[in-house]
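**Student:** With the numbering used here, the residue at position 237 of the sequence shown is 262, and numbering never jumps.
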Amino acid sequence: MASGYLCTVPEQAILLATGDDAASFLHSQLSNDVLKLGEKEARLATYCNAKGRMLASFLMWKSGANIYLQMTQDLLPAMQKRLQMYALRAKIKLSPATELFALGLGGSKAQAALAPWFSGLADLAVGGKLDATESCFGCVLRLADSLGQPRYQWLLAEAQALAVWPQLAAQLTAMPSEMWNLFAIHAGIARIEAATVEKFVPQMVNFELVGGVNFKKGCYPGQEVVARSQYLGKLKRRMYLAHSDASALAAGSEVFSSADPEQACGMVVNAAINPAGGVDALLELKSALINAGSLHVDSHPITLLTLPYALPNEEKTEEKAQEQAPASAEKQ
């Protein structure tokens, strides 16, 4: 896997936003800055309810005046309906971008495999977007590394994807599409699924640590709760990388600790089978209990692994929190 792999991206759908007000409307609804989203970048974002709970998580990018929101497939109909409902008189049209097909590539050889269609890949940083030298071959997004190796998502028409697959497969190891979810888990990037809608505020799944929340962008649904969670007091719940010997784990399943066996201490955010055995998962947990006793899901013991990024020291005095909080947060 380290040398290079190739797969289709599973269980994902893309919502296309067009119209004169597309950027300004989405900016007013999402947790990240849409107005400043450039042509050469991709950003994470979330859509929250009024209580700051995540309704969906997105990978978003821009092409011309068009804005694309990629999410888990089971959420697209509800997200399209909800966003369109709140658009009111805004000049925006939302429609599934069914013409786009997503290929996932990673490992040390992925850059060389993509080179025939993209120039400048060596300079493409995480969060970058690069258009193909020929427009019919779409664009590539540089995603967060996983297992110490780069990841790319190539978005193009299905016909072109079928055409380039043999050339890519000659250089990279073709893998089942489910492996893409495993790599996303090891990148520490949470994906909201139908089973976890409205279960978490962004910080509970480390979303602000991976660039999914902009605390200076202005109002959006749930912003007051998200800002208060960030600047006041201590964040008591975080997301952790874990392994289980179970044959499968489902998103939304409850996690229990032997230190407090009567009530759940967390929830499975995402999970994927590891070919080496068992299941790897992202778990949202009460931080106070991660070292207080053994963890388990459905009687299967849980072993915590190391995330690819550090969790901050959450201890804050009230005075320090007030110093850190921007004026906009205090007024929300």
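Even for Gly, the Cβ is constructed at its ideal location relative to N, Cα and C.
Fair warning: this is a prediction, and the values are worked out from it, not measured in the lab.
Any idea if Gly132 is buried or exposed, counting beta-carbon neighbours within 10 angstroms, 16 or more meaning buried?
**Tutor:** Here residue 132 is taken as the residue at index 107 of the sequence shown, counted from 1. When all chains shown are included, Gly132 counts as buried.
**Student:** Got a sec? Which residues, its chain only, sit under 6 Å from Phe240 by beta carbon, not counting five neighbours each side?
**Tutor:** As a working note, residue 240 is residue 215 in the sequence shown. No residues qualify anywhere along the chain.
**Student:** Is the Cβ-Cβ distance between Lys116 and Gly173 less than 7 Å?
**Tutor:** Taking the sequence shown and counting its residues from 1, the one referred to as residue 116 is at position 91. Taking the sequence shown and counting its residues from 1, the one referred to as residue 173 is at position 148. Result no, Cβ atoms of Lys116 and Gly173 do not sit closer than 7 Å.
**Student:** Taking the alpha carbon of Lys134 as the point to measure from, which residue in Glu203, Pro300 and Arg176 has its own alpha carbon closest?
**Tutor:** Start at 1 with the first residue of the sequence shown, and residue 134 comes out as number 109. Nearest of Glu203, Pro300 and Arg176 to Lys134, Cα basis: Arg176.
**Student:** Could you tell me which whole alpha helix (DSSP H) segments of length 4 or greater appear in the segment 157–239?
**Tutor:** Correct list: 183–194 and 203–211.
**Student:** With H, G and I counted as helix, E and B as strand and the rest as coil, what does DSSP make of Ala27?
**Tutor:** By 1-based counting over the sequence shown, the position of residue 27 is 2. Of the three classes helix, strand and coil, the one that applies to Ala27 here is coil, per DSSP.
**Student:** Answer yes or no: do Phe281 and His321 have a C-beta to C-beta separation smaller than 7 Å?
**Tutor:** On the sequence shown, residue 281 is found 256 positions in, with the first residue counted as 1. On the sequence shown, residue 321 is found 296 positions in, with the first residue counted as 1. Yes, the Cβ-Cβ distance between Phe281 and His321 is below 7 Å.
**Student:** CB Thr71 to CB Ser82, shorter than 7 Å?
**Tutor:** Here residue 71 refers to the residue found at position 46 when the sequence shown is read from its first residue. Here residue 82 refers to the residue found at position 57 when the sequence shown is read from its first residue. Against a cut-off of 7 Å, the Cβ pair of Ser82 and Thr71 comes out as a contact.
**Student:** Taking the alpha carbon of Lys61 as the reference point, which residue from Ile327, Phe208, Val250 and Lys242 has its own alpha carbon closest?
**Tutor:** By one-based count along the sequence shown, residue 61 stands at place 36. Comparing Cα-Cα distances from Lys61 to each of Ile327, Phe208, Val250 and Lys242, the minimum goes to Lys242.
**Student:** Taking 8 Å as the cut-off, does the segment 151–165 touch the segment 94–102 (at least 3 CB pairs, one atom from each stretch)?
**Tutor:** Touching, no.
**Student:** When you compare only the Cα positions, how much space is there between Gln185 and Val165?
**Tutor:** Counting from 1 along the sequence shown, the entry for residue 185 is found at position 160. Counting from 1 along the sequence shown, the entry for residue 165 is found at position 140. Cα-Cα distance, rounded: 14 Å.
**Student:** From what residue to what residue does the alpha helix (DSSP H) around Val294 run?
**Tutor:** Position 269 of the sequence shown, counted from the start, is the residue given in the question as residue 294. Looking at the DSSP string, Val294 is not in any alpha helix (DSSP H); the run it does join, the beta strand (DSSP E), is Gly291 to Ile298.
**Student:** Have a look at the DSSP bridge pairing and note the partners of Arg263.
**Tutor:** In the sequence shown, counting from the first residue as 1, residue 263 sits at position 238. For Arg263, which the question treats as bridged, DSSP gives the partners Leu310.
**Student:** Given that a residue counts as buried once 16 or more other Cβ atoms are within 10 Å of its Cβ, and exposed if not, what is Tyr111?
**Tutor:** Mapped onto the sequence shown, residue 111 falls at position 86. The residue in question, Tyr111, is exposed, as its Cβ has fewer than 16 Cβ neighbours within 10 Å.
**Student:** Could you please give the first and the last residue of the uninterrupted beta strand (DSSP E) stretch that includes Ala70?
**Tutor:** Position 45 of the sequence shown, counted from the start, is the residue given in the question as residue 70. Where Ala70 is concerned, the enclosing beta strand (DSSP E) stretches over Ala67 to Cys73.
**Student:** Measure the C-alpha to C-alpha separation of Gln248 and Glu36 and round it to an integer number of angstroms.
**Tutor:** On the sequence shown, position 223 is the one that residue 248 refers to. On the sequence shown, position 11 is the one that residue 36 refers to. Rounded to whole angstroms, Gln248 to Glu36 spans 28 Å at the Cα level.
**Student:** Within 10 angstroms of the Cβ of Ala42, are there 16 or more other Cβ atoms? Answer buried if so, exposed if not.
**Tutor:** Counting from 1 along the sequence shown, the entry for residue 42 is found at position 17. Result: buried.
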